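Accompanying notes for the structure given below.
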Amino acid sequence: MADAEEPEKKRRRIEDPTENLKHRATRPSVHPPYGTNVMAVDGGHGVGGCDWDGRWNHVTKFLERPGPFTHPDFEPSAESLQFLLETCKILVIGAGGLGCELLKNLALSGFRIIHVVDMDTIDLSNLNRQFLFRPKDVGRPKAEVAANFINSRIPGCKVASHFKKIQDFDESFYRQFHIIVCGLDSIIARRWMNGMLISLLSYEDGVLDPSSIIPLIDGGTEGFKGNARVILPGMTACIDCTLELYPPQINFPMCTIASMPRLPEHCIEYARILQWPKEKPFGDTSLDGDNPEHIEWVFERARKRAAEFNITGVTYRLTQGVVKRIIPAVASTNAVIAAACATEVFKIATSAYIPLNNYLVFNDVDGLYTYTFEAERKENCSACSQVPQDLQFPSSAKLQEVLQFLTESASLQMKSPAITTTLEGKNKTLYLQSVKSIEERTRPNLCKTLKELGLSDGQELAVADVTTPQTVLFKLNFTT
Ligand SMILES: [Zn+2]
Numbered sequence: 010m011a012d013a014e015e016p017e018k019k020r021r022r023i024e025d026p027t028e029n030l031k032h033r034a035t036r037p038s039v040h041p042p043y044g045t046n047v048m049a050v051d052g053g054h055g056v057g058g059c060d061w062d063g064r065w066n067h068v069t070k071f072l073e074r075p076g077p078f079t080h081p082d083f084e085p086s087a088e089s090l091q092f093l094l095e096t097c098k099i100l101v102i103g104a105g106g107l108g109c110e111l112l113k114n115l116a117l118s119g120f121r122i123i124h125v126v127d128m129d130t131i132d133l134s135n136l137n138r139q140f141l142f143r144p145k146d147v148g149r150p151k152a153e154v155a156a157n158f159i160n161s162r163i164p165g166c167k168v169a170s171h172f173k174k175i176q177d178f179d180e181s182f183y184r185q186f187h188i189i190v191c192g193l194d195s196i197i198a199r200r201w202m203n204g205m206l207i208s209l210l211s212y213e214d215g216v217l218d219p220s221s222i223i224p225l226i227d228g229g230t231e232g233f234k235g236n237a238r239v240i241l242p243g244m245t246a247c248i249d250c251t252l253e254l255y256p257p258q259i260n261f262p263m264c265t266i267a268s269m270p271r272l273p274e275h276c277i278e279y280a281r282i283l284q285w286p287k288e289k290p291f292g293d294t295s296l297d298g299d300n301p302e303h304i305e306w307v308f309e310r311a312r313k314r315a316a317e318f319n320i321t322g323v324t325y326r327l328t329q330g331v332v333k334r335i336i337p338a339v340a341s342t343n344a345v346i347a348a349a350c351a352t353e354v355f356k357i358a359t360s361a362y363i364p365l366n367n368y369l370v371f372n373d374v375d376g377l378y379t380y381t382f383e384a385e386r387k388e389n390c391s392a393c394s395q396v397p398q399d400l401q402f403p404s405s406a407k408l409q410e411v412l413q414f415l416t417e418s419a420s421l422q423m424k425s426p427a428i429t430t431t432l433e434g435k436n437k438t439l440y441l442q443s444v445k446s447i448e449e450r451t452r453p454n455l456c457k458t459l460k461e462l463g464l465s466d467g468q469e470l471a472v473a474d475v476t477t478p479q480t481v482l483f484k485l486n487f488t489t
């Protein structure tokens, strides 16, 4: 049974780092004559020159007076707003459906120093909901167009854009932000970001230094369902702690696709991954899920492959589903989830309200349903627990089985793990999928047993994967 003190303790734990956020930041020492400077010296786009009378009335209602819902330790003052306007540095990951909403919400709430990262360009099909983009912008980088739109529309806001992958940046980039918000459609990117923030944590004698925590607000949507969550890395449940909540990834081992297909999906993947690049049916064009001729080609090849192995169920529709990995997008869901996320950023940045603890679910498939719960940390989480990960296998197990476990286990769900170890003092790559020549060279290892590979009980395996910026260490325990 939970004792009465328990919720209070948990709440305290969550409050602390947000307090800390304010101490970490350099607070402005002099308050500009806010509200008095109505003369715009540079056309109304410069900081200080654009805070006309009453501009932030909607925000000061929350920050400059007490209320029944404010944080018990909150002291109303003009400082919080100045912190938002001048100091607080926010990173938005993704400038798509959620990203456009987030940028707009944050900018209108008083956040001015915002960076946005997105590796995508604008597609015509985005325009129904990604409202910072216009037909003339099709083909241009989302981050750039979104930043320009916000900067020109909201005086004083300075959004910096990065047309890049999150993986293109290192620790020093991420460390500069007070809060990071994710509006991503990829679990891999989310996990990578989560792993990056965990790698920034510093521990002294096993005790987490709260000043090394950067809060992560994560929003996700799929059709009419969405979720928003607040993650304090190292303190509350991280993305990997709750990996079982995500649908299992559709990812088949190369070995299965190449030599022992059992499912129609295996045959489609065979045509997509192996036959397409080899046969180049449309020259050097890469496979386009929106091109019916491309899908038709994959479908035909997959059907032939399936016939050879007596597998049924390959259809045009399934082919399209596997190739495109379709996630439908609904504008209203994005609006709701982004609003929840922006609110959490505001709460944490100002310390005026107690943040969401810690997971909000939204569903309006049938009526409207929403609730929040406290996702719990997983004691042996491979990302945030600092507990060595155990792998239990008999010495007669094949490396393929280990690889399969890493990708199929609900709590790991790795994508294309690369396994290395130290044998006789030398680093040895047991299997690596992402580089073609190494994949070919190490593929025979998959069919060897752990014993044949020279591995022993207690052996450490280092596993690298796209789901994390850090290598995950596993300890191999032989079972009998
Ligand atoms: Zn975790």
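End of the sequence shown = 489 in my numbering, gap-free, step of one.
Glycine included, C-beta positions come from ideal geometry on N, C-alpha and C.
Bear in mind the structure is a predicted one, so any value in this text is a computation, not a measurement.
Under a Cβ-count criterion, where at least 16 other Cβ atoms within 10 Å of its own Cβ denotes burial, should Arg162 be classed as buried or exposed?
exposed
Can you tell me whether Val39 is helix, strand or coil according to DSSP?
Legend: pLDDT at Val39 = 34, less than 50; position of this residue unreliable, value from coordinates given subsequently. Here Val39 sits in coil by DSSP.
Once the 5 residues before and after Arg138 are set aside, which same chain residues still bring their CB inside 7 Å of it?
Gly106, Ala338, Ala340 and Asn343
Own chain partners of Leu141 with C-beta closer than 6 Å, once the 5 adjacent residues on each side are dropped:
Cys109, Ala155 and Phe158
Whose CB is closer than 5 Å to a heavy atom of ligand 1? List the residues in chain order.
Cys247, Asp249, Cys250, Cys390, Ala392 and Cys393
Leu464 and Asp404 - do their beta-carbons sit closer together than 9 Å?
Note that residue 404 is Ser in the sequence shown, not Asp. Yes.
According to DSSP, what are the bridge partners of Tyr380?
Val370
So for Ala406, helix, strand or coil by DSSP?
coil
Could you check whether Thr379 and Leu8 sit closer than 9 Å to each other, using their CB atoms as the reference points?
Nothing about residue 8 can be read from this structure; the chain reaches only from 10 to 489.
Might you give, ordered along the chain, the residues of its own chain that have their beta carbon closer than 7 Å to the beta carbon of Lys173, omitting 5 neighbours on each side?
Val126 and Met128
How many whole angstroms separate the CB atoms of Cys393 and Pro242, which I take to be in contact at a CB cut-off of 8 Å?
7 Å
Whole-angstrom C-beta distance between Val332 and Ile304, which should lie under 8 Å
6 Å
Residue range of the unbroken beta strand (DSSP E) whose run includes Cys496
The first residue shown for the chain is 10 and the last is 489, placing residue 496 beyond what the model contains.
For Thr69 and Arg149, the rounded distance between their alpha carbons
37 Å
Are the stretch 318–329 and the stretch 270–284 touching, with three or more C-beta to C-beta distances below 8 Å?
yes
Can you tell which of Thr476, Gln395 and Gly434 has the C-alpha that lies nearest to the C-alpha of Gly215?
Gln395
Just to confirm my understanding: we take Trp201, look at its own chain, exclude 5 residues before and 5 after, and list those with CB closer than 8 Å. What are they?
Ile175, Gln176, Val475, Thr476, Thr477 and Pro478
Looking at C-alpha atoms only, which residue of Ile222, Glu385 and Ala152 is the closest neighbour of Ile189?
Ile222
Just to confirm before moving on: does the CB-CB distance between Gln422 and Tyr279 stay below 9 Å?
no
Confirm, please, whether the CB-CB distance from Leu111 to Ala361 is below 9 Å.
no
Span separating the alpha-carbon of Thr458 from that of Val411:
10 Å
Under 8 Å Cβ to Cβ from Thr488, same chain only, skipping five residues before and after it: list those, please.
Gln401, Phe402 and Pro403
Under 9 Å between C-beta atoms of Pro72 and Leu90:
Reading off the sequence shown, one finds Leu at residue 72, where the question assumed Pro. Yes, the Cβ-Cβ distance between Leu72 and Leu90 is below 9 Å.
Bridge-paired residues (DSSP) for Asn436:
Thr431
Taking the beta carbon of Asn160 as the centre, do at least 16 other beta carbons fall within 10 Å, making it buried, or is it exposed?
buried
Report yes if the CB atom of Val239 is closer than 9 Å to the CB atom of Asn367, and no otherwise.
yes
Looking only at C-alpha atoms, which of Pro426, Glu461, Ile122 and Leu432 sits nearest to Ser443?
Pro426
On the criterion of 16 or more Cβ atoms from any shown chain inside 10 Å, does Arg5 qualify as buried, or is it exposed?
What the structure shows of the chain is the stretch from 10 to 489, and residue 5 is not part of that stretch, so it cannot be assessed.
Under the rule that 16 or more other beta-carbon atoms within 10 Å means buried, what is Val374, buried or exposed?
exposed
Does His275 come out as helix, strand or coil in the three-state DSSP assignment?
helix
Taking the beta strand (DSSP E) that Leu470 falls in, what are its first and last residues?
Glu469 to Ala473
If I measure Cβ to Cβ from Thr429 and keep anything under 7 Å in the same chain, skipping five residues before and after, which residues do I get?
Asn436, Lys437, Thr438, Leu439 and Ala471
Could you give the first and the last residue of the continuous beta strand (DSSP E) run that contains His171?
Lys167 to His171
Sort Asp249, Asn114 and Phe92 by Cα distance to Val345 and report the nearest one.
Asn114
Assuming Leu441 contacts Glu449 under a Cβ cut-off of 8 Å, what Cβ separation, rounded to an integer in Å, is found between them?
Not really, about 10 Å apart at Cβ, beyond 8 Å.
Which residues in the same chain as Thr265 place their Cβ atom closer than 8 Å to its Cβ, once the five residues preceding and following it in sequence are excluded?
Arg271 and His275
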